[in-house]
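Trainee:
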Amino acid sequence: MVRIETRGASVDFPIFDAKSRSLKKAVLGMVGGNISSENHKVPVIEALRDISLTIEEGDRVALVGHNGAGKSTLLRLLSGIYEPTSGSAVVQGRVAPIFDLGVGMDPEITGYENIMIRGLFLGMSRKQMESRVDEIAEFTELGDFLAMPLRTYSTGMRVRLALGVVTSIDPEILLFDEGIGAVAGSFLDKARDRLTRLVERAGLLVFASHSDELLGQLCNKAIWMEHGRIKQQGGLREVLTAYKGRDPFLDTATTPA
Amino acid sequence: MAVTESSPSAWTSARRDLSGGWRQRELWAHLGWQDIRQRYRRSVLGPIWITISMAVTAVGLGLLYAGLFGNPNDVQLPHILVGFIVWAFISGCILEGADVFIANEGLIKFLPAPISVHVYRLIWRQVLLFAHNLIVYVVMLIIFPKPLSWGSLMAIPAFLLLTLNGTWVAFFLGMASARFRDLNPIVGSVVQLVFFLTPIVWIYGDFLHSANPNIAERARLAELNPFLHFVEIIRRPMLGQSNVWHSWVVVLAITVIGWALTLWALRRYRARVAYWV
């Protein structure tokens, strides 16, 4: 069963500045008599507060909110990278995140090798990846470039590669954090088809983006984040309307009011 | 609300991290190889350079110290060579272990994978380096034959023990130095000091049986250095010398205590690593 459920989950980031991060401070703080408040406690940033949500199989959730509202942190909570500092988060299913397309990619090795490593990271076996390489090569349209070191690739080409791998491995939980903007338009159509099919086939999608058009095509539900809390969750149109102050899907073709 | 974990207990999730990472051995085995090939990419000789530089160091220092200590070459050279090979493995596990999570910050923050993957990759890389250096050892055996016997096979369990200890050290130091960044330079200077305190270059037995009672007295202090025992359990069989059983006992004890400490730390702090790096 593919499912994400969090209950009252919070994420606090400890901020160790150069001083409080040192062993010296910790040791002195332990034995010394001088207890100033900053010695005593590491300042924290409350990145997420009291997140309770349930995402079921087949859900395609748009994640909206201003910069710094906690969208990226929420995605990492949902992927299991961050375990909540309080509350609980249960993630069932194989997660494939696309957060930063450069991560996990080695610029010095070829596209083929990068496909292999990324696949292995996402829990595939070497055999499974070998049988998929051709399909990924075809999907990415990179051709002979796949035998070149990754550092020769443009940003758009890297995005294609990352998308190609992720969409080829049948992940059960897809988590996207923007960054898709760098892809050429025609390729995006292709990726979108593939993503839509993928989500239809199985699993669930959580997609953080500022693009109403993309969200409208890929998602059916939405979560609106503000200051690390869920401000509103529900149907896509309803939440987006509340978030934008107008209905974004009303006559998008004509000039805005 | 006391429920702070995404799984039933912190203990279970620590165990799951260790075993989940082990299951992904295709991944870290691949990455470990990659690390080595990467270092010598575009060089003509490639990873053979590992072997060559070990041979050059060991022969150079072997000849130097054979002269300084007045030992025959066929004693001093093999002693230094095997000492260096073992020390390269030990110091590699410690030094790179202290950096293992910091260096993999990007992967830890962006890809959900057990953190043990990074440790296994590091240890595997050290094992591969060790294997490259063994070539020099084999060549040495041809030039300076040693009275190897069945007892020499004890080098194999000894190496397994070294690997087991390297693993807990990397987990423990990796977590601690992700939290306290001062630990890294401390570890660096301690490892350098320990190199001189451990009989890698000098021959422990020579000083222990020295005619000068003061020197013999001092030499006995080296027994307090745990690294001496780690080096001895593997070097003695590799050079065809008899096994010293109390060294085995010391190493076994450190293995058990070290792992107990590390499992406790993993249970308590594993989930914090993503926050600390």
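Line order of the protein sequences matches chains A and B. Taken in order, the first sequence gives residues 140 to 396; the numbers are from this note's numbering. Taken in order, the second sequence gives residues 5 to 281; the numbers are from this note's numbering. Yeah, the Cβ is synthetic: ideal placement off N, Cα and C, and Gly gets one too.
#1: Under 7 Å between the Cβ atoms of Gly258 (chain A) and Phe278 (chain A)?
#2: Hey, is the segment 205-220 of chain B in contact with the segment 122-136 of chain B, meaning 3+ C-beta pairs nearer than 8 Å?
#3: Classify Thr394 (chain A) as buried or exposed, calling it buried when 16 or more other Cβ atoms lie within 10 Å of its own Cβ.
#4: For Leu344 (chain A), tell me which candidate among A:Cys358, A:Asn253, A:Asp351, A:Met364 has the shortest Cα-Cα distance.
#5: What are the boundary residues of the beta strand (DSSP E) that includes Thr193 (chain A)?
#6: Given Ala276 (chain A), which residues of its chain have a CB within under 6 Å of its CB, disregarding the five upstream and five downstream residues?
#7: Assuming Arg215 (chain A) contacts Ile312 (chain A) (C-beta within less than 8 Å), just tell me the rounded distance between them.
#8: Pair every Cβ in the segment 219-235 of chain A with every Cβ in the segment 372-391 of chain A, then say whether three or more of these pairs are closer than 8 Å.
#9: Residues of the segment 98-120 of chain B in Cβ contact with chain A at a cutoff of 9 Å, in chain order, please.
#10: Using the C-alpha atoms, what's the distance from Val378 (chain A) back to Pro118 (chain B)?
#11: Going by DSSP in three states, Pro217 (chain B) sits in which element: helix, strand or coil?
#12: Applying the criterion that 16 or more other CB atoms from any shown protein chain within 10 Å of the CB defines a buried residue, is Trp32 (chain B) buried or exposed?
#13: Where does Glu274 (chain A) land, buried or exposed, given buried means 16+ other C-beta within 10 angstroms?
#14: Could you give the C-beta distance for Trp172 (chain B) and Gly96 (chain B), rounded to a whole number, given that I count them as a contact under 8 Å?
#15: Report the neighbours of Asp156 (chain A) on chain B: residues whose CB is nearer than 7 Å to its CB, in chain order.
#16: Alpha carbon to alpha carbon, what distance is there between Ile220 (chain A) and Ser176 (chain A)?
#17: Considering Cα atoms alone, identify which of B:Val123, B:Gly209, B:Leu138, B:Phe199 is closest to Gly170 (chain B).
#18: For the segment 31-56 of chain B, which residues have a CB atom closer than 8 Å to at least one CB atom of chain A, in sequence order?
#19: Unbroken beta strand (DSSP E) runs of length 3 or more, entirely within the segment 327-375 of chain A: which are they?
#20: If you measure from the beta carbon of Ala18 (chain B) to each beta carbon in chain A, is any gap under 7 Å?
#21: In chain order, what residues of the segment 243-274 of chain B put their CB closer than 8 Å to some CB of chain A?
#22: At a Cβ threshold of 7 Å, is Leu313 (chain A) touching chain B?
#23: Expressed to the nearest angstrom, what Euclidean distance is found between the alpha-carbon atoms of Ile143 (chain A) and Glu195 (chain A)?
#24: In this structure, does DSSP put Glu311 (chain A) in helix, strand or coil?
#25: Would you check if there are 3 or more beta carbon pairs closer than 8 Å linking the segment 219-228 of chain B to the segment 134-151 of chain B?
#26: Are Arg188 (chain A) and Arg333 (chain A) close, meaning C-beta to C-beta below 7 Å?
#27: First and last residue of the beta strand (DSSP E) that includes Gln231 (chain A)?
#28: Between Asp239 (chain A) and chain B, is there a C-beta pair that is closer than 7 Å?
#29: Along chain B, in chain order, which residues have C-beta atoms closer than 8 Å to that of Ser270 (chain A)?
#30: Mind checking if Ala14 (chain B) is an interface residue toward chain A, Cβ cutoff 7 Å exclusive?
#31: Using beta carbons (cut-off 7 Å, strictly below), is Leu305 (chain A) in contact with chain B?
#32: Look at Val254 (chain B) and Glu236 (chain B) and say whether their C-beta atoms are less than 7 Å apart.
#33: Please state the DSSP three-state secondary structure of Asp316 (chain A).
#34: With 16 other CB atoms within 10 Å as the buried threshold, where does Ile254 (chain A) fall?
Mentor: Quick answer:
#1: By one-based count along the first sequence, residue 258 (chain A) stands at place 119. By one-based count along the first sequence, residue 278 (chain A) stands at place 139. Contact flag unset, no.
#2: no
#3: Here the question's residue 394 (chain A) lines up with position 255 in the first sequence. Unreliable placement is indicated for Thr394 (chain A), whose pLDDT of 41 sits below 50; the coordinate value is still reported in the next sentence. Exposed: under 16 other Cβ atoms inside 10 Å.
#4: For the purposes of this step, residue 344 (chain A) is taken as the residue at position 205 of the first sequence. Between Leu344 (chain A) and the set A:Cys358, A:Asn253, A:Asp351, A:Met364, the nearest pair of CA atoms involves A:Cys358.
#5: Numbered from 1 along the first sequence, position 54 holds the residue referred to as residue 193 (chain A). Run containing Thr193 (chain A): 183-195, per the beta strand (DSSP E) assignment.
#6: Within the first sequence, residue 276 (chain A) is the residue found at index 137, counting from 1. The answer, listed in chain order, is Leu285.
#7: By one-based count along the first sequence, residue 215 (chain A) stands at place 76. By one-based count along the first sequence, residue 312 (chain A) stands at place 173. Going by Cβ atoms, the distance from Arg215 (chain A) to Ile312 (chain A) rounds to 13 Å, so no, they are not a contact pair.
#8: no
#9: Near chain A, meaning a CB-to-CB distance below 9 Å, the residues of the segment 98-120 of chain B are Gly110, Leu111, Ile112, Lys113, Phe114, Leu115, Pro116, Ala117.
#10: Locating residue 118 (chain B) in the second sequence gives position 114, where the first residue counts as 1. Locating residue 378 (chain A) in the first sequence gives position 239, where the first residue counts as 1. One C-alpha to the other measures close to 35 Å.
#11: Locating residue 217 (chain B) in the second sequence gives position 213, counting from the first residue. Here Pro217 (chain B) sits in helix by DSSP.
#12: Residue 32 (chain B) sits at position 28 when you count from the first residue of the second sequence. A residue is called buried once 16 or more other Cβ atoms fall within 10 Å of its Cβ, and Trp32 (chain B) is buried on that count.
#13: Translated into positions along the first sequence, residue 274 (chain A) becomes position 135. Exposed, since its Cβ has fewer than 16 Cβ neighbours within 10 Å.
#14: Working through the second sequence from its first residue, we reach residue 172 (chain B) at position 168. Working through the second sequence from its first residue, we reach residue 96 (chain B) at position 92. No, Trp172 (chain B) and Gly96 (chain B) are not in contact; Cβ-Cβ is about 15 Å, not under 8 Å.
#15: Looking up residue 156 (chain A) in the first sequence gives position 17. Simply none; closest approach about 11 Å.
#16: Start at 1 with the first residue of the first sequence, and residue 176 (chain A) comes out as number 37. Start at 1 with the first residue of the first sequence, and residue 220 (chain A) comes out as number 81. Confidence at Ser176 (chain A) is low in this model, with a pLDDT of 44, below 50, so its placement is unreliable and the value that follows should be read with caution. Going from the Cα of Ser176 (chain A) to the Cα of Ile220 (chain A) covers about 31 Å.
#17: Position 166 of the second sequence, counted from the start, is the residue given in the question as residue 170 (chain B). Of the candidates B:Val123, B:Gly209, B:Leu138, B:Phe199, the one whose C-alpha sits nearest the C-alpha of Gly170 (chain B) is B:Val123.
#18: Leu31, His34, Leu35, Gln38, Gln42, Arg45
#19: 343-347, 360-365, 368-374
#20: Locating residue 18 (chain B) in the second sequence gives position 14, counting from the first residue. Cβ-Cβ to chain A under 7 Å: no for Ala18 (chain B).
#21: none
#22: The residue you call residue 313 (chain A) lines up with position 174 of the first sequence. Not a single CB atom of chain B sits nearer than 7 Å to the CB of Leu313 (chain A).
#23: In the first sequence, the residue the question calls residue 143 (chain A) occupies position 4. In the first sequence, the residue the question calls residue 195 (chain A) occupies position 56. Rounded to whole angstroms, the separation of the alpha carbons of Glu195 (chain A) and Ile143 (chain A) is 7 Å.
#24: Taking the first residue of the first sequence as 1, we reach residue 311 (chain A) at position 172. In the structure shown, Glu311 (chain A) sits in coil (DSSP, three-state: anything other than H, G, I, E or B).
#25: no
#26: Position 49 of the first sequence, counted from the start, is the residue given in the question as residue 188 (chain A). Position 194 of the first sequence, counted from the start, is the residue given in the question as residue 333 (chain A). No. Outside cutoff.
#27: For the purposes of this step, residue 231 (chain A) is identified with residue 92 of the first sequence, where counting begins at 1. Unbroken beta strand (DSSP E) run through Gln231 (chain A): 225-231.
#28: Locating residue 239 (chain A) in the first sequence gives position 100, where the first residue counts as 1. Chain B contact via Cβ: present.
#29: Sequence index remark: in the first sequence, residue 270 (chain A) carries index 131 (1-based). Under the 8 Å cutoff, chain B gives no residues; its nearest Cβ is about 14 Å from Ser270 (chain A).
#30: As a working note, residue 14 (chain B) is residue 10 in the second sequence. Not an interface residue.
#31: Walking along the first sequence from the start, residue 305 (chain A) turns up at place 166. The question names Leu, yet the displayed sequence has Val at residue 305 (chain A). With 7 Å as the cut-off, Val305 (chain A) does not count as an interface residue toward chain B.
#32: Counted from its first residue, the second sequence places residue 254 (chain B) at position 250. Counted from its first residue, the second sequence places residue 236 (chain B) at position 232. No Cβ-Cβ contact shorter than 7 Å links Val254 (chain B) with Glu236 (chain B).
#33: Here residue 316 (chain A) is taken as the residue at index 177 of the first sequence, counted from 1. In this structure, Asp316 (chain A) counts as strand in the three-state DSSP scheme.
#34: By 1-based counting over the first sequence, the position of residue 254 (chain A) is 115. Flag for Ile254 (chain A) reads buried.
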